Amino acid sequence: DVSLEDKLIAFDNFEQLIEGLDNANNIANLGLWTPLLEQLAAEEPELRRMAAWCIGTAVQNNERTQERLLAVGGLPHLVGLATKDTEKEDVRKKAIYALSSACRNYQPAMDACADELSKVGHETGKVDATSMEAVDEVMNALRAKAMAA
Numbered sequence: 005d006v007s008l009e010d011k012l013i014a015f016d017n018f019e020q021l022i023e024g025l026d027n028a029n030n031i032a033n034l035g036l037w038t039p040l041l042e043q044l045a046a047e048e049p050e051l052r053r054m055a056a057w058c059i060g061t062a063v064q065n066n067e068r069t070q071e072r073l074l075a076v077g078g079l080p081h082l083v084g085l086a087t088k089d090t091e092k093e094d095v096r097k098k099a100i101y102a103l104s105s106a107c108r109n110y111q112p113a114m115d116a117c118a119d120e121l122s123k124v125g126h127e128t129g130k131v132d133a134t135s136m137e138a139v140d141e142v143m144n145a146l147r148a149k150a151m152a153a
């Protein structure tokens, strides 16, 4: 058994490692997307937060990993965390960070995110993923709701 503290240290090290594009791209090669996404449902909120943070770092400015996240079905999980009223604020904020990173400049992810958000009552309409202002509007609305909960 690994302690929560050791798991958090490992997540922190992993997040630093995947800041590099080559390492982020290797998440798929190493079969790590599924276990990473599974941590979004971990019992401990700290693990959910770290998983969302790592996902956000991996997909930021990286179309290849944005594509993989979409392909492995990660967006519904992130939308669920970001919009769950009973979720801790810091977990929600990291899920929103991951969504923002996944959607910016990658229209298929933005479309999927908008679809998922509409399922939980957050109508966004069509959002241009290349418009930073349009993406910010969606993400800022999610942040405001997370802070109000």
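Counting in the working numbering, the sequence shown runs from 5 upward without gaps. Backbone N, C-alpha and C define an ideal beta-carbon position, used for all residues, glycine too. This structure is a prediction, so every number in the text was calculated from the model and none was measured.
Cα-Cα separation, residue i to residue j
i: I100; j: V6; result: 28 Å
i: A56; j: V124; result: 19 Å
i: Q3; j: K149; result: No answer is possible for residue 3: it lies beyond the span of the chain, which begins at 5 and ends at 153.
i: E19; j: I31; result: 11 Å
i: K130; j: A116; result: 10 Å
i: W37; j: A133; result: 23 Å
Beta-carbon proximity list for residue i, same chain, < 7 Å, skipping 5 on both sides
i: P112; result: L74
i: K11; result: L51
i: K97; result: R147 and A150
Residue of the options minimising C-alpha distance to residue i
i: E50; options: S122, K92 and A145; result: K92
i: L85; options: L12, M136 and R52; result: R52
i: L8; options: E23, E47 and N29; result: E47
i: M151; options: A106, S135, A138 and T87; result: T87
i: I13; options: N27, M54 and T38; result: M54
i: V95; options: R108, A106 and H81; result: H81
i: L44; options: G78, A28 and T61; result: G78
Rounded distance between the beta-carbons of residue j and residue i, thought under 8 Å
i: V76; j: L21; result: About 19 Å; that fails the 8 Å criterion.
For residue i, the first and last residue of its enclosing alpha helix (DSSP H)
i: A99; result: E93 to C107
i: V142; result: M136 to A152
Close-in-space but distant-in-sequence residues of the same chain around residue i (CB under 6 Å, 5 per side omitted)
i: R108; result: V139
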